[in-house]
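The structure under discussion appears below in the form of structure tokens.
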Amino acid sequence: MTTMTRHQDVTVDGQPAEGRELRHVWNRCIGAGRANEALRADWQAHFTEAVSILGVRSVRFHGLFHDDMFVYRTRGGSGFGPDGELAGHAYTFSYVDKVFDFVLQSGARPFVELGFLPRDLATDTETVFWWGAHASPPKDLQRWVELVTVTIRHWIDRYGIDEVMQWPFEVWNEPNLVPHFWTGTKTQYFELYEATVTAIKAIDARLKVGGPSTSVFVPDARYDGETEDREAQFQTAAAEDVDALDWRPVWIEEFLEWCAERSLPVDFVTTHVYPTDYAFGVGGDARLISRYADATLDDLTLLRRLIAESPYPGADVHITEWSTTPSSRDSIHDTVHAATYITRAYLQCADLAESISYWTFTDVFEEGGAGIGPFHGGFGIVNEQGIHKPTFHAFAALARLGDRLVRSTPEGIIAQDSETSKLSAVFFNYPAEMGARSVGSRDSYGDTRDLRSAGPARRIRHAVAGLEPGAVFLVSVLDLAHGDVAEEWYRMGSPQNLTPAQTAHLREVADGLQRFSLTASVEGTLDLDLELQPWAVVSIVQA
133 MTTMTRHQDV
143 TVDGQPAEGR
153 ELRHVWNRCI
163 GAGRANEALR
173 ADWQAHFTEA
183 VSILGVRSVR
193 FHGLFHDDMF
203 VYRTRGGSGF
213 GPDGELAGHA
223 YTFSYVDKVF
233 DFVLQSGARP
243 FVELGFLPRD
253 LATDTETVFW
263 WGAHASPPKD
273 LQRWVELVTV
283 TIRHWIDRYG
293 IDEVMQWPFE
303 VWNEPNLVPH
313 FWTGTKTQYF
323 ELYEATVTAI
333 KAIDARLKVG
343 GPSTSVFVPD
353 ARYDGETEDR
363 EAQFQTAAAE
373 DVDALDWRPV
383 WIEEFLEWCA
393 ERSLPVDFVT
403 THVYPTDYAF
413 GVGGDARLIS
423 RYADATLDDL
433 TLLRRLIAES
443 PYPGADVHIT
453 EWSTTPSSRD
463 SIHDTVHAAT
473 YITRAYLQCA
483 DLAESISYWT
493 FTDVFEEGGA
503 GIGPFHGGFG
513 IVNEQGIHKP
523 TFHAFAALAR
533 LGDRLVRSTP
543 EGIIAQDSET
553 SKLSAVFFNY
563 PAEMGARSVG
573 SRDSYGDTRD
583 LRSAGPARRI
593 RHAVAGLEPG
603 AVFLVSVLDL
613 AHGDVAEEWY
623 RMGSPQNLTP
633 AQTAHLREVA
643 DGLQRFSLTA
653 SVEGTLDLDL
663 ELQPWAVVSI
673 VQA
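The numbering used here applies: residue 133 is where the sequence shown begins, and numbers increase by one.
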């Protein structure tokens, strides 16, 4: 016997459901450090949880071709014996296969970042990161094309074209950031894109390719030329009101025009929209600038308009890195404040991109080496021990939302599942006292006591009618009194090396959200009347 789910034609505060799609941009892709880290058991455990609980559908990371993946080796080069037993060069995919097999078996897919180079192809070596990424133009562009071609043909042979067609292929990472992520010029990157997209489309025209993967929005002319001009940043670093400046994306318009002049495909545009910027002052010191709370919304609105007016108006938009700040040592990442901020931003921006990839899902992340202590300000939504940070619970709340929008308000949304008709909601209290201010960085707030004192509480009241009489709704609340695990760690004296008992205690605190249930009346009405403390994120799900 098949049980039919009763369709719920709901109203909220007397108004019918909006009924349009709610795009889950928050879990369509998520970031990770580098490919080799995905061989670790803890990385894999954290990713499995991200897929099963948070609904993550793809993952992007650096270092696919780095030396520690052993993909490309030449005679007399890295990985060969002293006599150069193999002539020419060889491709081996055993490590890459382990990573991709795991990702696919987990129920997700790779979002393929094509970069950086193996040592034997790089003109400059060890340009960035503790692990020494080789981020430079290749010695031989045709060898790069061959590497990409052989790799993708290997994936098609292993997984089938129908699977590989669903993977986006992004050419490089942040090539505007010279000399760290690219030691060449703007035109050399465009030429790399031309060679790469041409090669991939020659394999199968249905494969999806995009770029330029630049970072970030800036309000000055530092990237107008072929390489970065630091003198152009002086006005930004010295500005009294950075939010009054004209912030624009880097290389996007030039990239699209360059590709159009050569009739090159651009299936999607990628860029990074951290709501912060490092600008160099006259003395050569970099100032970290935190922008206003709606910076991501405004940046993406502008980006969508520029693409719509470009030669590629149908190109998808993938934000392949986004977080509160671009530092992997910023304690704001460990806080409830960050959880509330990202919840607000994701709900604001759901219509503006195909994906907005949070950087990153785990603190198993070694760009600057391993973190010092369990809560060191790492990007991850779980720490190295797999303890859930407040941001994890924000993602979990967003993941529980349905795919149809019922009601959108400045403090949250109500949604519905198009298959089951069940209701869900997320509400938050981004304190009114913040005004237009962003949570910014720890550099702005020190130990974040300024943020902790923000207020006031916010009352959420809605009458949802048209429900099944007696329907039960499960409520979970994250706030400064429930789930603030890093604060508990500080109270413990900030032990750098946790004992098993300390780990168990912190895990309990991390997941100790306030939980209760609500019930619809016999008339099928749910009267929501909740008081949210400052920084609270509330998830409501129909059981």
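Just so it is clear, CB atoms sit at the ideal spot from N, CA and C, and this is done for glycine as well.
Just so you know, these numbers come straight off a predicted model, no measurement behind them.
request  = Would you check if the region 240-254 and the region 290-302 touch, i.e. whether three or more CB-CB distances between them fall below 8 Å?
outcome  = yes
message = I'd like to know if the region 152-164 and the region 438-456 are in contact, where contact means that at least 3 CB-CB pairs between them fall below 8 Å.
response = yes
task = State yes or no: is the C-beta of threonine 259 within less than 8 Å of the C-beta of alanine 267?
result = One-based indexing of the sequence shown puts residue 259 at position 127. One-based indexing of the sequence shown puts residue 267 at position 135. Their beta carbons are under 8 Å apart, which means threonine 259 touches alanine 267 by this criterion.
query = In whole angstroms, what separates the C-alpha of threonine 552 from that of glutamate 386?
reply = Here residue 552 is taken as the residue at index 420 of the sequence shown, counted from 1. Here residue 386 is taken as the residue at index 254 of the sequence shown, counted from 1. Distance between the alpha carbons of threonine 552 and glutamate 386: 46 Å.
task = Could you pull the start and end residues of the beta strand (DSSP E) that aspartate 409 belongs to?
result = Walking along the sequence shown from the start, residue 409 turns up at place 277. Residues 408-412.
query = In whole angstroms, what is the alpha-carbon distance linking alanine 265 and glycine 602?
reply = Along the sequence shown, one-based indexing puts residue 265 at 133. Along the sequence shown, one-based indexing puts residue 602 at 470. Spanning the two alpha carbons is a distance of roughly 58 Å.
ask   = By Cβ distance, which residues of its chain are closer than 6 Å to aspartate 431, with the 5 residues on each side in sequence left out?
value = As a working mapping, residue 431 is identified with position 299 in the sequence shown. If we look at aspartate 431 and ignore the five residues flanking it on each side, its Cβ neighbours are Phe349 and Val405.
ask   = Got a sec, what are the start and stop residues for the beta strand (DSSP E) aspartate 643 sits in?
value = Locating residue 643 in the sequence shown gives position 511, counting from the first residue. That residue, aspartate 643, is in no beta strand (DSSP E); it is neither H nor E in DSSP.
Where alanine 254 falls: helix, strand or coil (DSSP) = Taking the sequence shown and counting its residues from 1, the one referred to as residue 254 is at position 122. Reduced to three states, the DSSP call for alanine 254 is strand.
query = In the DSSP assignment, what residue or residues form a beta bridge with leucine 162?
reply = To locate residue 162, count along the sequence shown from 1; it is residue 30. Here residue 162 is isoleucine; the residue named in the question, leucine, does not match the sequence. The partner list for isoleucine 162 (beta bridge, DSSP) reads Val191 and Tyr490.
task = May I ask you to report which of helix, strand or coil DSSP gives leucine 396?
result = Position 264 of the sequence shown, counting from 1, holds the residue named residue 396. Coil at leucine 396, not helix or strand.
ask   = According to DSSP, what are the bridge partners of arginine 419?
value = Residue 419 sits at position 287 when you count from the first residue of the sequence shown. Paired residues: Ala411.
key: Cross-strand partners of proline 270 (DSSP beta bridge)   = Position 138 of the sequence shown, counted from the start, is the residue given in the question as residue 270. Note: proline 270 sits in a beta bridge opposite Ala254.
request  = State yes or no: is the C-beta of glutamate 326 within less than 8 Å of the C-beta of arginine 275?
outcome  = Position 194 of the sequence shown, counted from the first residue, corresponds to residue 326. Position 143 of the sequence shown, counted from the first residue, corresponds to residue 275. Contact flag unset, no.
request  = Could you pull the start and end residues of the alpha helix (DSSP H) that histidine 520 belongs to?
outcome  = The residue labelled residue 520 in the question sits at position 388 within the sequence shown. Note, histidine 520: premise wrong, no alpha helix (DSSP H); not H, not E.
task = Would you mind reading off the limits of the beta strand (DSSP E) that contains leucine 606?
result = Here residue 606 refers to the residue found at position 474 of the sequence shown. Note, leucine 606: beta strand (DSSP E), 604-610.
task = In the DSSP assignment, find the unbroken beta strand (DSSP E) run with serine 540 in it and report its ends.
result = As a working note, residue 540 is residue 408 in the sequence shown. First-last of the beta strand (DSSP E) with serine 540: 536-541.
key: Three CB pairs or more closer than 8 Å across the region 328-346 and the region 356-376   = no
request  = Could you work out which residue in Glu306, Arg380 and Asp611 is closest to arginine 590 when comparing CA atoms only?
outcome  = To locate residue 590, count along the sequence shown from 1; it is residue 458. Of Glu306, Arg380 and Asp611, the residue nearest in Cα terms is Asp611.
task = Just list the beta strand (DSSP E) runs in the region 261-309, keeping only unbroken ones of 3 residues or longer that don't cross its boundaries, in chain order.
result = 300-303
message = How far does the beta strand (DSSP E) with tyrosine 223 in it extend, from its first residue to its last?
response = Locating residue 223 in the sequence shown gives position 91, counting from the first residue. From DSSP, the beta strand (DSSP E) with tyrosine 223 extends over 221-223.
query = Which residue's Cα is closest to the Cα of alanine 668: Ser573, Tyr562, Ala425 and Phe234?
reply = Numbered from 1 along the sequence shown, position 536 holds the residue referred to as residue 668. Of Ser573, Tyr562, Ala425 and Phe234, the residue nearest in Cα terms is Tyr562.
request  = With a floor of 3 residues, list each beta strand (DSSP E) that falls wholly inside the region 433-501, ordered by position along the chain.
outcome  = 448-454 and 487-490
ask   = Among Trp379, Ala392 and Arg436, which one has its Cα closest to the Cα of threonine 408?
value = On the sequence shown, residue 408 is found 276 positions in, with the first residue counted as 1. Of the candidates Trp379, Ala392 and Arg436, the one whose C-alpha sits nearest the C-alpha of threonine 408 is Trp379.
Stretch-stretch touch, CB-based, cutoff 8 Å, three pairs: the region 636-652 with the region 611-620 = yes
task = In angstroms with no decimal places, state the Cα-to-Cα distance between aspartate 659 and valine 144.
result = As a first step, residue 659 must be located in the sequence shown, where it is residue number 527. As a first step, residue 144 must be located in the sequence shown, where it is residue number 12. Distance between the alpha carbons of aspartate 659 and valine 144: 10 Å.
task = Report the three-state DSSP secondary structure of tyrosine 321 (helix, strand or coil).
result = Locating residue 321 in the sequence shown gives position 189, where the first residue counts as 1. Three-state DSSP puts tyrosine 321 in a helix.
query = How about threonine 472 and phenylalanine 560: are their beta carbons less than 8 Å apart?
reply = Here residue 472 refers to the residue found at position 340 of the sequence shown. Here residue 560 refers to the residue found at position 428 of the sequence shown. Yes; because the gap between Cβ atoms is below 8 Å, this pair is in contact.
key: Classification of alanine 547 by the beta-carbon crowding that lies within 10 angstroms, buried from 16 upward   = Numbered from its first residue, the sequence shown carries residue 547 at position 415. Under this definition alanine 547 is a buried residue.
Nonlocal neighbours in the same chain, by C-beta distance under 6 Å from tyrosine 444, ignoring five residues either side = For the purposes of this step, residue 444 is taken as the residue at position 312 of the sequence shown. Once the five neighbours on either side are set aside, the close Cβ partners of tyrosine 444 are Leu388 and Val398.
request  = Please list, in chain order, all residues of the same chain as glutamine 634 whose beta carbon is under 8 Å from its beta carbon, the five residues on each side excluded.
outcome  = Here residue 634 refers to the residue found at position 502 when the sequence shown is read from its first residue. Closer than 8 Å at Cβ, skipping near neighbours: Met624 and Pro627.
Pairwise C-alpha distance: glycine 534 and isoleucine 474 = Counting from one through the sequence shown, the residue named residue 474 turns up at place 342. Counting from one through the sequence shown, the residue named residue 534 turns up at place 402. Rounded to whole angstroms, isoleucine 474 to glycine 534 spans 18 Å at the Cα level.
Pair within 8 Å by beta-carbon distance, aspartate 252 and threonine 206 = Here residue 252 refers to the residue found at position 120 when the sequence shown is read from its first residue. Here residue 206 refers to the residue found at position 74 when the sequence shown is read from its first residue. Result yes, Cβ atoms of aspartate 252 and threonine 206 sit closer than 8 Å.
inquiry  = What does the Cβ neighbour count give for alanine 618, buried or exposed, with the cut at 16 atoms within 10 Å?
reply    = If you number the sequence shown from 1, residue 618 lands on position 486. Classification of alanine 618: buried, given that the 10 Å Cβ count is 16 or more.
query = Just curious, the beta strand (DSSP E) that valine 670 is in, first and last residue?
reply = The sequence position of residue 670 within the sequence shown is 538, counting from 1. Taken as a continuous stretch (DSSP letters only), the beta strand (DSSP E) holding valine 670 covers 669-674.
inquiry  = Relative to the C-alpha of leucine 377, which candidate in Asp199, Gly247, Ile421 and Arg155 has its C-alpha closest?
reply    = Here residue 377 refers to the residue found at position 245 of the sequence shown. Checking every option, the nearest Cα to that of leucine 377 belongs to Ile421.
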